[in-house]
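Inspection log for the structure reproduced underneath, given as structure tokens.
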Amino acid sequence: MNSSNGRPDRGGEVNGMDLGGMSAKDKQILIFSFYRDAELRGARLLFNLIGHLKGADAQLRMSRHLADETRHAWLWTKRISDLGGAPVMIDDGYQRRLGLRTGVPKSIIDLLALTVVVEERARSRYEAHAALPDVDPETREVLKAVTEDETWHLAWIEREMRELARAQGEEQQADAALERYRTIDREVYATLAADEAEMMRA
Ligand SMILES: [Fe+2]
Ligand SMILES: [Fe+2]
């Protein structure tokens, strides 16, 4: 597998950084930077959606959802800052790799389906991290807060997608979009999973 900059990916190396040679603190800063990057890119996905969902209820939820994602990015930024570090710019993270494979969503149903899959991945990443035995209390607190939010995000976006698909007679297209994006997500995440596991062991 080649990374987007054409350099062959090697085990234990992310964005040109050698994980094996990193301190525990630097590994933490890097994994939080990955989370921060995914939250910021998730927020951008919602910015694309917010103008398309016209209903009052959808606008209310979407606004809160967007506020959550930017707050999540801030919580990870604050964790990094509290560790005495600065966010690492991630140019080859999960959402970037995902976007290269999915292309630009062509309909609102596609955009909602992609958001569902991104939310599922966010929640499962955070749950996997929280399941580790030696997570410090401050990180555990952030993981708990963001996981709770991802759970309601996932529920309402999936419901919104299904309601819209039913109204447009496009339920099959919604299922097909979800299946397609989930397949791509699994393949993309597999390229990051080993490196993330190494970072979480910090
Ligand atoms: Fe989030
Ligand atoms: Fe979310």
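If you want my numbering, it's the 1-based position in the sequence shown plus 1.
Every residue, glycine too, gets a C-beta built ideally from N, C-alpha and C.
Closer than 7 angstroms: residue i CB and nearest ligand 1 heavy atom
| i | result |
| --- | --- |
| H130 | no |
| H53 | no |
| E142 | no |
| G204 | Nothing can be reported for residue 204: it is not among the residues displayed for the chain, which extend from 2 to 203. |
| R171 | Reading off the sequence, residue 171 comes out as Glu, not Arg. Every heavy atom of ligand 1 is 7 angstroms or more from the Cβ of E171, so no. |
| V147 | yes |
Which listed residue (the options) has its alpha carbon closest to that of residue i
| i | options | result |
| --- | --- | --- |
| W77 | Q96, A178, V147, R202 | V147 |
| M162 | F33, A39, M63 | M63 |
| R160 | A175, T140, G43 | A175 |
| E215 | D27, G52, H66 | Past the boundaries of the shown model lies residue 215; the chain is included only from 2 to 203, so the question cannot be answered. |
| V105 | G170, S24, A178 | A178 |
| E139 | D27, I81, A59 | I81 |
| Y190 | G94, D58, R181 | G94 |
| D135 | G22, M23, Q29 | Q29 |
| R187 | R126, Q60, K107 | R126 |
| K79 | F48, R37, L54, R102 | R37 |
| R102 | Y182, L193, A194 | Y182 |
| Q169 | D137, L193, S108, A59 | S108 |
| L193 | R122, D137, K55, A57 | R122 |
Presumed contact (8 angstroms Cβ cut-off) between residue i and residue j, rounded CB distance
| i | j | result |
| --- | --- | --- |
| I185 | L99 | 7 angstroms |
| Q96 | V117 | Not a contact, Cβ separation roughly 14 angstroms. |
| L46 | L115 | 7 angstroms |
Segment limits, alpha helix (DSSP H) that includes residue i
| i | result |
| --- | --- |
| G154 | In the sequence as presented, Gly is not what sits at residue 154; that position holds His. Note, H154: alpha helix (DSSP H), 138-168. |
| K28 | 25-51 |
| L113 | 109-131 |
| A1 | With the chain covering only 2 through 203, there is no way to say anything about residue 1. |
| L179 | 172-201 |
| L99 | 95-103 |
Residue i vs residue j beta-carbon contact at 8 angstroms
| i | j | result |
| --- | --- | --- |
| E40 | A87 | no |
| H154 | L144 | no |
| I91 | A166 | no |
| L84 | I158 | no |
| E151 | R124 | yes |
| I32 | E164 | no |
| M200 | L20 | yes |
| G43 | E70 | yes |
| V89 | S34 | yes |
Residue i Cβ short of 7 angstroms to ligand 2 heavy atom set
| i | result |
| --- | --- |
| D150 | yes |
| E159 | no |
| D164 | Before going further, note that residue 164 is Glu rather than Asp in the sequence given. No - ligand 2 has no heavy atom lying nearer than 7 angstroms to the Cβ of E164. |
| D27 | no |
heavy atom of ligand 4 below 7 angstroms from residue i C-beta
| i | result |
| --- | --- |
| A123 | Ligands displayed in this structure: ligand 1 and ligand 2; ligand 4 is not among them. |
Chain C within 8 angstroms of residue i, Cβ atoms only
| i | result |
| --- | --- |
| L115 | The question asks about chain C, but that chain is absent: this structure has only one protein chain. |
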